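Undergrad: With positions in the sequence shown counted from 1, the corresponding number in our numbering is that position plus 3. Virtual Cβ for every residue (Gly too), placed ideally from N, Cα, C. If you're wondering where the values come from, they're calculated on a predicted model, not measured in any experiment. I have a structure I would like to understand better, so I am pasting it below and will then ask my questions one at a time.
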Amino acid sequence: MQIKSYNPSVDPNTIHGNVQAPSDSNAYGANVSGTKVWQTGMSAVQQQMQAYVDDQINISVLDAKNKYEAGMNDLLNNPDTGLLNKQDINALDVVNQYQAGERAIRESAMAGLPNYQKAHDAFLRMADDVNVQRAGQVMKYQYAKDLEHRDNTFNTFVTNETDHLVESGNSDGLLKGLNRITATAYALYGNIYGKDKLDAMIKDKATTMVNSVLTNLTASGNASDFDKAMGLLENTSPWVDDSKLISLRHMLLQRKHDNGLLARAKEAARLYPNDPKKRSEYIRAGATKTVYSGSASTGNQVVDWYIDAAHEQGVDPQIYLATGMIETGGNTVEGMHMADGGGYAQITDETARAYDLDNKFPGWNTDPKQNIRAGAYILKQKTDENGGDPWEGVRAYNGTGPAAEQYRETAKNNYESLKGMDLSGNGGSKIQPYNLPTQGANIDEQVQQLKPEFREALPIIGGMLNKMGVADGAEISSGGRTREHNAEVGGSPTSQHIIGPNGGDAVDIVLPDGTTAEKAEEVRKAFEDSGAFDQVLFHDAGSGYHLHLGGYHGGLEKSQGVTAHTEVIYDEQELQKAESMATSLVAEQKRQEKEVNDAIVEKGRMEMQQLYQSGNLDPQAYLNIASQYGYDNPDVYAALKSCIGTYVSIRTGGSSGGGGRSGRSGGGGANITVLKSLFGTGGIESFTDIVNYCNNHGIYLSQSNLNTLQKAASDYQNGTGEYNPMYEITQEQIANASGIDPSTFKGNWAVVQQLVREAAVKYRAEHNGQEPPLNELIQFGVNAVTADANGYSQAQMRAAGILRVTVGDNGYAWVTDLYHNSYYIDVWDVQAILKDEKTLADVVEAADNSSGDDSSSDDSGDDDGSTIDKLSNAASEIGKDVSEAAEAINESFKEHAENNVAYVNGETEDQSEGGGSYVY
Numbered sequence: 004m005q006i007k008s009y010n011p012s013v014d015p016n017t018i019h020g021n022v023q024a025p026s027d028s029n030a031y032g033a034n035v036s037g038t039k040v041w042q043t044g045m046s047a048v049q050q051q052m053q054a055y056v057d058d059q060i061n062i063s064v065l066d067a068k069n070k071y072e073a074g075m076n077d078l079l080n081n082p083d084t085g086l087l088n089k090q091d092i093n094a095l096d097v098v099n100q101y102q103a104g105e106r107a108i109r110e111s112a113m114a115g116l117p118n119y120q121k122a123h124d125a126f127l128r129m130a131d132d133v134n135v136q137r138a139g140q141v142m143k144y145q146y147a148k149d150l151e152h153r154d155n156t157f158n159t160f161v162t163n164e165t166d167h168l169v170e171s172g173n174s175d176g177l178l179k180g181l182n183r184i185t186a187t188a189y190a191l192y193g194n195i196y197g198k199d200k201l202d203a204m205i206k207d208k209a210t211t212m213v214n215s216v217l218t219n220l221t222a223s224g225n226a227s228d229f230d231k232a233m234g235l236l237e238n239t240s241p242w243v244d245d246s247k248l249i250s251l252r253h254m255l256l257q258r259k260h261d262n263g264l265l266a267r268a269k270e271a272a273r274l275y276p277n278d279p280k281k282r283s284e285y286i287r288a289g290a291t292k293t294v295y296s297g298s299a300s301t302g303n304q305v306v307d308w309y310i311d312a313a314h315e316q317g318v319d320p321q322i323y324l325a326t327g328m329i330e331t332g333g334n335t336v337e338g339m340h341m342a343d344g345g346g347y348a349q350i351t352d353e354t355a356r357a358y359d360l361d362n363k364f365p366g367w368n369t370d371p372k373q374n375i376r377a378g379a380y381i382l383k384q385k386t387d388e389n390g391g392d393p394w395e396g397v398r399a400y401n402g403t404g405p406a407a408e409q410y411r412e413t414a415k416n417n418y419e420s421l422k423g424m425d426l427s428g429n430g431g432s433k434i435q436p437y438n439l440p441t442q443g444a445n446i447d448e449q450v451q452q453l454k455p456e457f458r459e460a461l462p463i464i465g466g467m468l469n470k471m472g473v474a475d476g477a478e479i480s481s482g483g484r485t486r487e488h489n490a491e492v493g494g495s496p497t498s499q500h501i502i503g504p505n506g507g508d509a510v511d512i513v514l515p516d517g518t519t520a521e522k523a524e525e526v527r528k529a530f531e532d533s534g535a536f537d538q539v540l541f542h543d544a545g546s547g548y549h550l551h552l553g554g555y556h557g558g559l560e561k562s563q564g565v566t567a568h569t570e571v572i573y574d575e576q577e578l579q580k581a582e583s584m585a586t587s588l589v590a591e592q593k594r595q596e597k598e599v600n601d602a603i604v605e606k607g608r609m610e611m612q613q614l615y616q617s618g619n620l621d622p623q624a625y626l627n628i629a630s631q632y633g634y635d636n637p638d639v640y641a642a643l644k645s646c647i648g649t650y651v652s653i654r655t656g657g658s659s660g661g662g663g664r665s666g667r668s669g670g671g672g673a674n675i676t677v678l679k680s681l682f683g684t685g686g687i688e689s690f691t692d693i694v695n696y697c698n699n700h701g702i703y704l705s706q707s708n709l710n711t712l713q714k715a716a717s718d719y720q721n722g723t724g725e726y727n728p729m730y731e732i733t734q735e736q737i738a739n740a741s742g743i744d745p746s747t748f749k750g751n752w753a754v755v756q757q758l759v760r761e762a763a764v765k766y767r768a769e770h771n772g773q774e775p776p777l778n779e780l781i782q783f784g785v786n787a788v789t790a791d792a793n794g795y796s797q798a799q800m801r802a803a804g805i806l807r808v809t810v811g812d813n814g815y816a817w818v819t820d821l822y823h824n825s826y827y828i829d830v831w832d833v834q835a836i837l838k839d840e841k842t843l844a845d846v847v848e849a850a851d852n853s854s855g856d857d858s859s860s861d862d863s864g865d866d867d868g869s870t871i872d873k874l875s876n877a878a879s880e881i882g883k884d885v886s887e888a889a890e891a892i893n894e895s896f897k898e899h900a901e902n903n904v905a906y907v908n909g910e911t912e913d914q915s916e917g918g919g920s921y922v923y
């Protein structure tokens, strides 16, 4: 740069005068070029200085930020002390500790910053960004810790509730426990979750509780506990997820099935402890059940399929159709269709697997008819799982919860709308089956004791009542009864309710409340017009009209066009298992009875010992002990009686008037009528048998007697003459009328027939020669096999050669044989004779031997024996005379009817001492 000298002179008159700038830099127009250079230099320095300062600020801010972030990271994530790694800390403490920690870290980081606002501002901006990010982590953690705390609280509550129910065995508190779970869930999560998620959470916990409580309940193995568990499972259905309890449900259903078989085995063992054949028959009687189906023809094929499927499963067609209207019909019959997602019945794959539909109803998801059949099957299963309540079955068909409740109400509305529609399937001519409920488990058992054909007709009987509008509310109040139960309820001795060889033959049905007398008469008339029953009666029992149907002889199921199908409940392997169980139960029962009897006998024997030590040698006192302990126990009585001989001497036979048997003849004349009645009893089948019998019993036979008996034997063997059946009555007819097992009098059948003939002869004599009708003949047979007050029937006594038995109060009885000989015999010996375990001759012979032993040590015995000998000799002489008289009578009365008339009218005199005429 060139520097010139300053020329201060200025030419004022020229435009372009050389004007010099002032040297004062502060003056206007001054020459400042040097200052600018300096200022420019200074500015560069300042910029460099500022850049340096800014760089230092940035470095310090970054250092502070790094320190801050490191502190924040340690605050939150330190493995040992980090807030996000602490376990025992609640959400509020996390926030408070975070805020305090962040403040301290911020202040510590800012302390290292230079004292520049810019540094502070830059750091605070960066720290705020970090804090926002970290605070978000903390908030998430706070939320997670809050949920964790709530979850822990909820889970602990559910666990404690479940453990309490399990440990206390208080399964009855299950429903209250489920309600407490619901209340607790809403308290903990009501402001956090929506209703759907909350309900799902409750259902999950409730399902766990139900599964635990019911699993514990059934661990006992008791049948009653399994039944209770099944009921609780159904009652808790609105709270739980049924799909997660399928295994439990199947286990309970299987156990219910097994318990039913076990119960039948126990009952068979109780009813028939000494008859394996009858035990087996009883068990197998429950092996199947009858279901009804028909081929409907309403004109609507889909409706027909629904009706047929309902009949097949034994459900109400109207109810099933009402559900079908919901599933795919838009609550109309016309709208029902094979829709996607499960067809007409809207069956899910899960349900199909649970009920094995692929095997039971192949093609259920493509074939409309199979789909409808499968739906009916599921509805039946759901109904059975809910105690047989059809509307509970409808609810369970849909599922659980409020939606299922609404489903049931909609189905009921549809059901009502169908009442005007003819669902009979044949223009109203068919009666569709309707299963009437019973009044309880004891009536269920009575229904099972009905004749099979009567049981099979019950759904049709219910259908007839349903068609007349009186099925809803009607109940079966009585079925087959044992003879003892029939007596307890005041039934007639010949009531058709009494269980015969094939079962009971009558039911009583209580009609619904509000049934008028006119309606009851309409019902009675309908069943009477059906011609299917011998008896159709009704009466007002105060609790409603009772319909009595007795003597069913078939026809209802055929006349109504409904087909009966047998459904197997228990297979052959299960039945054999039940029979084995029943046998084991009987053996165990007898073992226990023996233990009890042995203890009772020992107690009685000790009393006898004490009696003996006290010096009491009265035989009656020892007999009283035997009677006291063996009053209703023959085994105990016999055992104690056998002990008596250890202490005193006692005779099997008794005495009349101080000793010996009264009226026993050493030999007697032949009563031909009585001897003829013996054919077919006691092994007497031929002429040789009857002669041997007479010889063994000291009965004198004249030649005329022998000729008559030889002809009688021939007639008996050929079924001719007086042994030609005069009246066509069968053992089954008598058994059905009496309720007595025919096997108990089968061996005495010839005797029963003889007694019937005698009663028929008497009937003709009293009715001017009129023949007795069939029902009277059957009643004669009933009279012959029915036990008297002492428990003995005419047929039993006649077959055993006994005329009458008079039981005393001291364990002995007077027994009169067919020849009017009287014996004083122990009642247990009498029972043994009538059961064909002993013969009267055996008992008498034992008494004779006992009497002979006594006479050797007792002087009075000689007198007794002498008296007996005299009586025997006298009776023998009388017997010969009477035989001759009997021979003359037999010659004069050749015809069978005349013979019986004379006999019945008492023309045959008693041939024993002290006797008199007696009609057999």
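1) Give every residue of the same chain whose Cβ lies closer than 7 Å to the Cβ of Tyr144, excluding the five residues on either side of it in the sequence, and list them in chain order.
2) Give me the Cβ distance between Thr159 and Leu191, rounded to the nearest whole Å; I'm assuming they're in contact under 8 Å.
3) Throw me the rounded Cβ distance for the Leu127 and Gly104 pair, which I believe falls under 8 Å.
4) Say whether the segment 613–620 touches the segment 312–322, bearing in mind that this needs 3 or more beta-carbon pairs closer than 8 Å, one atom from each stretch.
5) Nearest to Pro440 by CA position, among Met339, Phe457, Leu461, is which residue?
6) In chain order, what residues of the same chain lie with their CB nearer than 7 Å to the CB of Lys873, ignoring the 5 residues before and after it?
7) Run the CB neighbour count on Pro82, radius 10 Å, all protein chains shown included, and call it buried at 16 or more, exposed below.
8) Buried or exposed for Lys208, please, with buried defined as at least 16 other CB atoms from any protein chain shown within 10 angstroms of its CB.
9) At the level of alpha carbons, what is the spacing between Asn636 and Ala266?
10) Smallest Cα separation from Glu459: which of His500, Gly557, Asn118?
11) Please confirm whether Pro745 and Ala753 have their CB atoms less than 7 Å apart.
12) Cutting at 8 Å between CB atoms, please list the residues of its own chain near Glu164, excluding the five before and the five after it.
13) Taking the alpha carbon of Gln713 as the reference point, which residue from Ile732, Ile687, Glu735, Leu382 has its own alpha carbon closest?
14) Among Thr518, Leu626, Glu525, Ser481, which residue has its Cα nearest to the Cα of His551?
15) Closest to Thr649 by CA distance: which of Met609, Gln442, Asp638 is it?
16) I'd like to check one pair, Gln538 with Ile554: are the Cβ atoms closer than 7 Å?
17) Quick check: the segment 518–534 against the segment 463–472, are there 3 or more CB pairs under 8 Å?
18) Who are the Cβ neighbours of Gly176 in its own chain at under 7 Å, not counting the five residues just before and after it?
19) From the DSSP output, which residues share a beta bridge with Phe157?
20) With burial defined as no fewer than 16 other Cβ atoms inside 10 Å of the residue's Cβ, what is the status of Thr711: buried or exposed?
21) CA-CA distance, Tyr323 and Gly483?
22) Go ahead and label Val135 buried or exposed: buried means 16 or more other beta carbons lie within 10 angstroms of its beta carbon, across all protein chains shown.
23) Name the one or two DSSP bridge partners that Thr291 has.
24) Quick check for students: name the residue ranges of the alpha helix (DSSP H) that lie wholly in the segment 130–212, counting only runs of 4 or more.
25) In the DSSP assignment, find the beta strand (DSSP E) that holds Ser227 and state where it starts and stops.
26) Per DSSP, which residues does Trp817 bridge with? Please list them.
27) Tell me whether the beta-carbon of Tyr418 lies closer than 7 Å to the beta-carbon of Gln321.
28) Any chance you could list the alpha helix (DSSP H) runs of at least 4 consecutive residues sitting entirely within the segment 581–606, in chain order?
29) Put Ser420 into one of helix, strand or coil per three-state DSSP.
30) Given this structure, state the Cα-to-Cα distance separating Glu170 from Pro279, to the nearest angstrom.
31) Can you check whether the CB of Val64 is closer than 7 Å to the CB of Ala122?
32) List the whole-angstrom C-beta distance separating Val785 from Ser741, where the pair is believed to meet the contact cut-off of C-beta under 8 Å.
33) Taking all protein chains shown into account, do 16 or more other C-beta atoms lie within 10 angstroms of the C-beta of Thr218, making it buried, or fewer, making it exposed?
34) Buried or exposed for Met471, going by 16 or more other Cβ atoms inside 10 Å?
35) Hey, how far is the Cα of Thr335 from the Cα of Gly234?
36) Work out the CA separation of Gln595 and Lys606 for me, nearest whole Å.
TA: Considering the structure as presented:
1) Position 141 of the sequence shown, counting from 1, holds the residue named residue 144. Contacts found: Leu87, Val97.
2) By one-based count along the sequence shown, residue 159 stands at place 156. By one-based count along the sequence shown, residue 191 stands at place 188. The Cβ separation is near 11 Å, so there is no contact.
3) Numbered from 1 along the sequence shown, position 124 holds the residue referred to as residue 127. Numbered from 1 along the sequence shown, position 101 holds the residue referred to as residue 104. Rounded, the Cβ-Cβ distance is 17 Å, inconsistent with contact.
4) Touching, no.
5) Locating residue 440 in the sequence shown gives position 437, counting from the first residue. Looking from the CA of Pro440, the closest CA among Met339, Phe457, Leu461 belongs to Leu461.
6) Against the sequence shown, residue 873 aligns to sequence position 870. Note that Lys873 scores 40 on pLDDT, short of 50, meaning its location in the model is unreliable; the coordinates nonetheless yield the value given after this. Cβ within range, chain order: n/a, list empty.
7) By one-based count along the sequence shown, residue 82 stands at place 79. Looking at its Cβ environment, which holds fewer than 16 other Cβ atoms inside 10 Å, Pro82 is exposed.
8) Here residue 208 refers to the residue found at position 205 of the sequence shown. Per the 10 Å Cβ criterion, buried.
9) Residue mapping note: residue 636 aligns to position 633 of the sequence shown, counting from 1. Residue mapping note: residue 266 aligns to position 263 of the sequence shown, counting from 1. One C-alpha to the other measures close to 27 Å.
10) Reading the sequence shown from its first residue, position 456 is the one you call residue 459. Taking only the C-alpha atoms, the option nearest Glu459 is Gly557.
11) Residue 745 sits at position 742 when you count from the first residue of the sequence shown. Residue 753 sits at position 750 when you count from the first residue of the sequence shown. No.
12) Position 161 of the sequence shown, counted from the start, is the residue given in the question as residue 164. Answer for Glu164: Gly180, Arg183, Ile184, Met212, listed in chain order.
13) Residue mapping note: residue 713 aligns to position 710 of the sequence shown, counting from 1. Selected option, being the one with the closest Cα: Ile687.
14) Looking up residue 551 in the sequence shown gives position 548. Ranking Thr518, Leu626, Glu525, Ser481 by CA distance to the CA of His551 puts Ser481 first.
15) Residue numbering aside, residue 649 sits at position 646 when the sequence shown is read from its first letter. For Thr649, the closest alpha carbon among the candidates Met609, Gln442, Asp638 is that of Met609.
16) Locating residue 554 in the sequence shown gives position 551, counting from the first residue. Locating residue 538 in the sequence shown gives position 535, counting from the first residue. Residue identity differs from the one stated: residue 554 is Gly in this sequence, not Ile. Taking a C-beta distance under 7 Å as the contact criterion, Gly554 and Gln538 qualify as a contact pair.
17) Flag = yes, the segment 518–534 and the segment 463–472 touch.
18) Indexing the sequence shown from 1 puts residue 176 at position 173. The residues are Leu168.
19) To locate residue 157, count along the sequence shown from 1; it is residue 154. Answer is none; Phe157 lacks a bridge partner.
20) Within the sequence shown, the letter at position 708 stands for residue 711. When all chains shown are included, Thr711 counts as buried.
21) Here residue 323 is taken as the residue at index 320 of the sequence shown, counted from 1. Here residue 483 is taken as the residue at index 480 of the sequence shown, counted from 1. Approximately 32 Å, taken between the alpha carbons.
22) What you label residue 135 is simply residue 132 of the sequence shown in a count that begins at 1. Result: exposed.
23) Against the sequence shown, residue 291 aligns to sequence position 288. Listed as beta-bridge partners of Thr291 by DSSP are Val571.
24) Taking only runs of at least 4 residues, the alpha helix (DSSP H) segments lying wholly in the segment 130–212 are 177–192.
25) Residue numbering aside, residue 227 sits at position 224 when the sequence shown is read from its first letter. From DSSP, Ser227 is part of no beta strand (DSSP E) but of the alpha helix (DSSP H) over 226–238.
26) Along the sequence shown, one-based indexing puts residue 817 at 814. The partner list for Trp817 (beta bridge, DSSP) reads Thr809, Tyr827.
27) As a first step, residue 418 must be located in the sequence shown, where it is residue number 415. As a first step, residue 321 must be located in the sequence shown, where it is residue number 318. It is a contact, given that the beta carbons lie within the stated cut-off.
28) For secondary structure counted as the alpha helix (DSSP H) over 4 or more consecutive residues, the segment 581–606 holds no complete run.
29) Mapped onto the sequence shown, residue 420 falls at position 417. Helix, per DSSP.
30) Numbered from 1 along the sequence shown, position 167 holds the residue referred to as residue 170. Numbered from 1 along the sequence shown, position 276 holds the residue referred to as residue 279. For Glu170 and Pro279, the distance between alpha carbons rounds to 43 Å.
31) Indexing the sequence shown from 1 puts residue 122 at position 119. Indexing the sequence shown from 1 puts residue 64 at position 61. Their beta carbons are under 7 Å apart, which means Ala122 touches Val64 by this criterion.
32) Counting from one through the sequence shown, the residue named residue 785 turns up at place 782. Counting from one through the sequence shown, the residue named residue 741 turns up at place 738. Contact between Val785 and Ser741 holds: CB atoms are separated by about 4 Å, below the 8 Å threshold.
33) By 1-based counting over the sequence shown, the position of residue 218 is 215. Thr218 comes out exposed.
34) For this step, residue 471 is matched to residue 468 along the sequence shown. By the Cβ neighbour-count rule, Met471 is exposed, with fewer than 16 other Cβ atoms within 10 Å of its own.
35) Taking the sequence shown and counting its residues from 1, one reaches residue 335 at position 332. Taking the sequence shown and counting its residues from 1, one reaches residue 234 at position 231. A straight-line Cα-Cα distance of about 34 Å links Thr335 and Gly234.
36) Against the sequence shown, residue 606 aligns to sequence position 603. Against the sequence shown, residue 595 aligns to sequence position 592. Taking the straight line joining both Cα atoms gives about 17 Å.
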